[in-house]
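Each protein sequence line maps, in turn, to chains A and B.
Per my numbering, residue 22 is the first one in the first sequence, and the count goes up by one each step.
Per my numbering, residue 22 is the first one in the second sequence, and the count goes up by one each step.
Number of protein chains: 2
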Amino acid sequence: MRTKDQDKLQRIKEATVRLILREGIDGASVSKIAKEANVSPATIYIYYDSKEEMLSKVFKEYSRQSYQYLVQHIHPQMEAGELIEVIVRESYTYFVENEEIFSFVEQCSRCPTLCEQVCERECTNELMTLIHEYQRDGRIRACSDWNLWAMIFAPVRFLAMKNKDMACSCNANLDELVQMIQSVFIRHS
Amino acid sequence: MRTKDQDKLQRIKEATVRLILREGIDGASVSKIAKEANVSPATIYIYYDSKEEMLSKVFKEYSRQSYQYLVQHIHPQMEAGELIEVIVRESYTYFVENEEIFSFVEQCSRCPTLCEQVCERECTNELMTLIHEYQRDGRIRACSDWNLWAMIFAPVRFLAMKNKDMACSCNANLDELVQMIQSVFIRHS
DNA sequence: CTTCATTAAACGAACATTCATTTAAGAAAG
DNA sequence: CTTTCTTAAATGAATGTTCGTTTAATGAAG
Chain A
22 MRTKDQDKLQ
32 RIKEATVRLI
42 LREGIDGASV
52 SKIAKEANVS
62 PATIYIYYDS
72 KEEMLSKVFK
82 EYSRQSYQYL
92 VQHIHPQMEA
102 GELIEVIVRE
112 SYTYFVENEE
122 IFSFVEQCSR
132 CPTLCEQVCE
142 RECTNELMTL
152 IHEYQRDGRI
162 RACSDWNLWA
172 MIFAPVRFLA
182 MKNKDMACSC
192 NANLDELVQM
202 IQSVFIRHS
Chain B
22 MRTKDQDKLQ
32 RIKEATVRLI
42 LREGIDGASV
52 SKIAKEANVS
62 PATIYIYYDS
72 KEEMLSKVFK
82 EYSRQSYQYL
92 VQHIHPQMEA
102 GELIEVIVRE
112 SYTYFVENEE
122 IFSFVEQCSR
132 CPTLCEQVCE
142 RECTNELMTL
152 IHEYQRDGRI
162 RACSDWNLWA
172 MIFAPVRFLA
182 MKNKDMACSC
192 NANLDELVQM
202 IQSVFIRHS
């Protein structure tokens with residue numbers, strides 16, 4: 022029996038993500054993706070049942086990835102200010118260095134038909150648990166999970182999205198953002 | 022001479038926005054939009070040169086609208102804390118009450134092919150000028166424009182987007198968010 | 001080792017459908 | 001009448017998906 026070529030599957034995923042950065046979610050057709058991946062359109066249907074299933078699976082996978090990346094850079098002994106700094110800085114780094122994936126995930130997460138299938142919550146359990154500990158003993162300000170996201174990730178994602186439009190001073194912006202977010206969650210700073 | 026039917030144009034815009042909320046940006050075809058607006062596809066091409074032009078014009082118009090709405094509720098005599106509260110609350114209200122428009126704008130603003138044509142900056146001059154005054158005399162914390170957006174609008178938009186997923190406690194979340202954002206921009210609170 | 005079925009991956013071509021857009025003719029208003 | 005709006009119908013191109021075939025990897029038989 023012939024075995025599935027994992028490299029080919031990887032190429033399909035990357036092509037999807039690359040094309041959606043270039044042409045937007047409505048410009049990424051199956052045939053274009055296939056061409057970009059050097060693969061026959063029919064091959065895609067060996068790995069996925071439909072275009073929709075493909076998008077939502079790739080979406081889910083790459084959603085997870087950014088948080089997994091983040092978790093690697095975090096350890097529970099960190100001081101509160103450092104924790105926030107690392108989360109913000111590393112998120113930003115990841116988003117900028119993986120702009121294809123980032124743009125893809127951003128687009129998918131605004132698309133009602135896609136994000137009702139992908140629960141962001143389950144991608145982030147590990148990170149949440151850690152932050153909850155810091156909140157419980159008062160090292161960082163307690164708040165609802167929604168607001169935790171709203172005040173940490175929404176700002177970083179916004180800044181990362183605007184990265185291209187910014188002048189050369191993007192590092193200064195990031196420094197400032199770190200301080201601002203810290204001032205929300207940590208007293209006397 | 023027969024006059025262009027402005028009501029028809031309005032119906033087209035609303036149908037566009039409604040359909041994109043339901044089916045996402047890639048599910049909104051010209052014919053579906055036409056049907057939704059009770060209009061022939063050809064009629065759309067009387068008002069717009071192409072689908073792309075149409076999307077970007079409607080996008081631009083509705084982008085402006087949310088800020089115009091906001092400006093109505095703001096006056097320069099406001100105390101700093103109140104200013105931020107009003108911006109956050111009224112933004113949220115607008116987004117939730119106009120979820121079709123909101124979802125449409127959110128989707129468009131993540132689509133690379135669309136947002137390179139629409140400069141968000143020019144929609145917000147009036148609001149920016151006002152905030153800059155507050156920043157200049159220290160009533161609210163000075164920061165780069167990017168971070169101003171990142172720490173005010175990105176969080177509200179995020180919360181508004183998650184509004185549907187939230188339990189009944191969405192008002193409490195909003196209250197908390199207002200406080201958190203105030204604590205970034207205003208000392209001793 | 002060499003054959004040779006067997007199995008599933010992979011493909012290019014073709015499918016029906018839908019797409020964005022245009023045409024040609026009718027309807028409405030001046 | 002003239003002018004402009006409006007549309008149903010038609011356009012070719014492109015869409016997502018399937019078909020029939022070929023290719024490559026495996027294990028059994030000689």
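For each residue, glycine too, the CB sits at the ideal point set by N, CA and C.
Using the beta-carbon count (16 or more within 10 Å), is residue i buried or exposed?
| i | result |
| --- | --- |
| A/G159 | exposed |
| A/V92 | exposed |
| B/K34 | buried |
| B/A58 | buried |
| A/R157 | exposed |
| B/S71 | exposed |
| A/I67 | exposed |
| B/C211 | Since the first residue of chain B shown is 22 and the last is 210, residue 211 of chain B is not available in this structure. |
| A/C140 | exposed |
| B/E147 | exposed |
| A/A63 | exposed |
| A/A188 | exposed |
| A/E127 | buried |
| B/K185 | exposed |
| B/S204 | buried |
| B/R142 | exposed |
| B/R208 | exposed |
Under 7 Å between beta-carbons, which chain B residues line up against residue i? List them in chain order, please.
| i | result |
| --- | --- |
| A/V107 | Correct list: empty, because the minimum Cβ distance to chain B is about 18 Å. |
| A/M75 | Those do not exist, as A/M75 stays about 13 Å from chain B at its closest Cβ, beyond 7 Å. |
| A/N194 | S165, W167, N168 |
| A/M187 | W167 |
Between the alpha carbons of residue i and residue j, how many angstroms are there, rounded?
| i | j | result |
| --- | --- | --- |
| A/E197 | B/M172 | 11 Å |
| A/F206 | B/K78 | 40 Å |
| A/L76 | A/P97 | 34 Å |
| B/K29 | B/V60 | 8 Å |
| B/G102 | B/S84 | 25 Å |
| A/Y69 | B/I95 | 51 Å |
| B/A193 | A/K53 | 46 Å |
| A/I105 | A/I202 | 8 Å |
| B/K56 | A/R23 | 48 Å |
| B/R39 | A/F123 | 26 Å |
| B/E154 | B/I65 | 43 Å |
| A/A17 | A/E74 | With chain A running from 22 to 210 in the structure shown, residue 17 of chain A is simply not present. |
| B/R162 | A/M149 | 29 Å |
| B/R110 | A/Q27 | 49 Å |
| B/T145 | A/L151 | 38 Å |
| A/E120 | B/K25 | 44 Å |
| B/Y88 | B/S112 | 8 Å |
Determine the chain A residues that contact residue i at a beta-carbon separation under 7 Å, and present them in chain order.
| i | result |
| --- | --- |
| B/T134 | E44, G45, G48 |
| B/A171 | P176, F179, L180, L198 |
| B/A131 | For clarity, residue 131 of chain B is Arg in the given sequence; the question names Ala instead. Residues of chain A passing the Cβ test: E127, Q128, R131. |
| B/K183 | W167 |
| B/S124 | P133 |
Name, please, each residue of chain A whose Cβ falls closer than 9 Å to the Cβ of residue i.
| i | result |
| --- | --- |
| B/K78 | Ordered by position in chain A, no residue passes the 9 Å Cβ test against B/K78, which lies about 17 Å from the chain. |
| B/V227 | Any property of residue 227 of chain B remains undetermined from this structure, which presents chain B solely from 22 to 210. |
Let me check you understand the geometry: is the CB of residue i closer than 7 Å to at least one non-hydrogen atom of the ligand HEM?
| i | result |
| --- | --- |
| A/R157 | The ligand HEM is not part of the structure shown, which contains no ligands of any sort. |
Could you work out which residues of chain A lie near residue i, taking near to mean beta carbons separated by less than 8 Å?
| i | result |
| --- | --- |
| B/V92 | Those within 8 Å of B/V92 in chain A number zero; the least Cβ separation is about 21 Å. |
Near-chain A residues of the region 35-68 of chain B - C-beta to any C-beta below 9 Å: Per Cβ criterion, the list reads I41, L42, R43, E44, G45, I46, D47, G48, A49.
Can you give me, in chain order, the residues of the region 146-166 of chain B that have a beta carbon less than 9 Å from any beta carbon in chain A? Per Cβ criterion, the list reads R162, C164, S165.
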